[in-house]
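Student: Protein chains in written order, with our numbering: chain A, -13 to 256; chain B, 282 to 471.
1. Nearest-angstrom Cα distance between residue 415/B and residue 430/B?
2. Residue 321/B: buried (16+ other C-beta within 10 angstroms of its C-beta) or exposed?
3. For residue 148/A, return the contacting residues in chain B, with the cut-off set at a CB-CB distance below 7 Å.
4. Would residue 135/A pass as a contact of residue 94/A if the rule is Cβ separation under 8 Å?
5. Which residues, taken in chain order from the segment 297 to 308 of chain B, show a beta carbon closer than 9 Å to some beta carbon of chain A?
6. Kindly give me the distance between the Cβ atoms of residue 100/A and residue 42/A, rounded to whole angstroms, as I take these residues to be in contact under 8 Å.
7. Check whether the segment 113 to 127 of chain A and the segment 295 to 303 of chain B are in contact - that is, three or more C-beta pairs closer than 8 Å.
8. Since residue 19/A is in the beta strand (DSSP E), which residue starts that stretch and which ends it?
9. From the DSSP output, in three-state form, read off residue 56/A for me.
10. Reducing DSSP to helix, strand and coil, say where residue 13/A ends up.
11. For residue 87/A, I'd like the list of residues in its chain whose CB is within less than 8 Å of its CB, leaving aside the five on either flank, ordered along the chain.
12. Do you know whose CA, among 38/A, 23/A, 251/A, 89/A, lies nearest residue 140/A's CA?
13. In whole angstroms, what is the alpha-carbon distance linking residue 420/B and residue 451/B?
14. Using the three-state DSSP reduction, which class does residue 112/A fall into: helix, strand or coil?
15. Going by DSSP, which residues form a beta bridge with residue 26/A?
16. Residue 313/B touches chain A at which residues, Cβ-Cβ below 8 Å?
17. Could you name the residues of the same chain whose beta carbon sits closer than 6 Å to that of residue 446/B, not counting the 5 residues immediately before and after it, in chain order?
18. Tell me which residue opens and which closes the alpha helix (DSSP H) that residue 229/A is part of.
19. Which residues of chain A have a Cβ atom closer than 8 Å to the Cβ of residue 361/B, listed in chain order?
20. Would residue 184/A and residue 222/A qualify as a contact pair, given that the criterion is a beta-carbon distance under 8 Å?
21. Have a look at 387/B, 444/B, 306/B and flag the residue whose alpha-carbon is nearest the alpha-carbon of residue 39/A.
22. Any heavy atom of the ligand HEM inside 7 Å of the beta-carbon of residue 37/A?
23. Would DSSP call residue -5/A helix, strand or coil?
24. At which residues does the alpha helix (DSSP H) containing residue 146/A begin and terminate?
25. State yes or no: is the beta carbon of residue 282/B nearer than 8 Å to at least one beta carbon in chain A?
26. Is there a Cβ of chain A sitting closer than 8 Å to that of residue 331/B, yes or no?
27. Considering just the uninterrupted stretch of the alpha helix (DSSP H) at residue 105/A, what are its terminal residues?
28. Let me check understanding here. Comparing Cα to Cα, which of 47/A, 22/A, 11/A lies closest to residue 316/B?
29. Does any CB atom of chain A fall closer than 8 Å to the CB of residue 354/B?
30. Between the alpha carbons of residue 65/A and residue 313/B, how many angstroms are there, rounded?
31. Just the chain A side, please: which residues come within less than 9 Å of residue 324/B by C-beta, in chain order?
32. Within 8 Å (strictly less), CB to CB, does residue 89/A reach chain B?
33. Can you tell me which of the three DSSP states residue 71/A falls into?
34. How close, in whole Å, do the beta carbons of residue 11/A and residue 117/A come, if the pair is a contact with beta carbons under 8 Å?
Printed below as a string of structure tokens:
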């Protein structure tokens, strides 16, 4: 931070420090096509996302396609991930019924995690989820999923009645509570789900860019500020490690919140 | 970074999702979910199920084996106890039988001893009778001879002679029976 702050006065002297901009999240398209008027750009981000999808598919298929009672190394690795999501999220949050959703939640976790992980992987170096389109469709799926399950389990009327008029509340409170519940469950939930993941990845990426571009800039200055370049570089490394934590945490949060919403939709009236 | 620096045009606003990316991402993720849902996770769930069953089955089998072993052990114990009882019974029988045999042998031996004794006594009696008879006739003859020689007169007269001898012997017997009873015949035999 100090290194970045110190860099500013020098700006006047050289060609100046250019802070990372939104341009860092725009990549040139390798290949453009259009279907039904929708423009598709196959960028670095899209390629990485497809690569992540392929890696996850290959990993789980190789691990679980022909499973053995006594697992091999690959199957054991797959089981560690699946067991974690299945037992610590699906069953813990949703209950016995949660086993049914463990496959989806595991896929979701793996997808979010790997697409986050690109943020600190060499060569990739940008998280897929820093483009809001990806968190957005995942949040949309979660939203459709929990509303669908709720309507399927309780019926259309009772589901919304329970959502908008929670029992055990004095009647006048509903004037305040019902609009809040309506907005919070149907609009805020998917929005926060998507934005939380996106913003964390976006901000994390900008932080790393600040210190990395700061390091390269400080190396170009001709005064004593050059001495701060290693500090900035060290900061970038520390933040990468910190990012690792955020990457796993955000994938976990996205998965557990989806499970939470499913659990709420399936739960009997309380 | 000032607010003015953020372009508000849709294609640059980071909060507006790119429709193309959204659709591509959705399709890729949907295919991934469908594929893994169908091909990967059911298989591992089956293995989990099988594993649980194996473990539970193993416990049940171990239980069964334990019970079987217990049953066999009890059977062996019962057989052992039976065998012991049998052995005791046989020993007792043998003892009783042995005692019976000893008793029988003893009885037989006593009987034989009694018979031998009886036979010996009978023979002794017979010998005594014989010796007595012989002695009696001898004594009579000697006495007649002697008295004939002493008196000088023949006692050939049968009747008289016999009477005399009988009277003498009767007296003799009376004297002997009164003085010594059964013991008196022994000294003359020596």
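Heads up, the beta-carbon is just placed ideally off N, CA and C, and yes, glycines get one too. Bear in mind that the values here come from a model prediction, so they are computed numbers and not experimental data.
Tutor: Based on what the coordinates show:
1. 22 Å
2. buried
3. Residues of chain B passing the Cβ test: none, with the nearest at roughly 28 Å.
4. no
5. 297, 298, 299, 300, 301, 302, 303, 304, 305, 306, 307
6. 6 Å
7. yes
8. 17 to 21
9. coil
10. coil
11. 76, 80, 245, 248
12. 251/A
13. 12 Å
14. coil
15. 19/A
16. 39, 42, 43, 93, 97
17. 421
18. 215 to 252
19. Simply none; closest approach about 43 Å.
20. no
21. 306/B
22. For the structure depicted, the ligand HEM is absent and the ligand set is empty, with no information on it obtainable.
23. Per-residue confidence for residue -5/A stands at a pLDDT of 46, beneath the threshold of 50, marking its modelled position as unreliable; the derived number appears in the next sentence. Reduced to three states, the DSSP call for residue -5/A is helix.
24. 142 to 150
25. Residue placement at residue 282/B is poorly supported in this model, since its pLDDT is 43, which falls under 50; the coordinates still yield a value, given next. Taking Cβ atoms only, chain A reaches closer than 8 Å to residue 282/B, which makes this a yes.
26. yes
27. That residue, residue 105/A, is in no alpha helix (DSSP H); it is neither H nor E in DSSP.
28. 47/A
29. no
30. 18 Å
31. 50, 51, 52, 53
32. yes
33. helix
34. 7 Å
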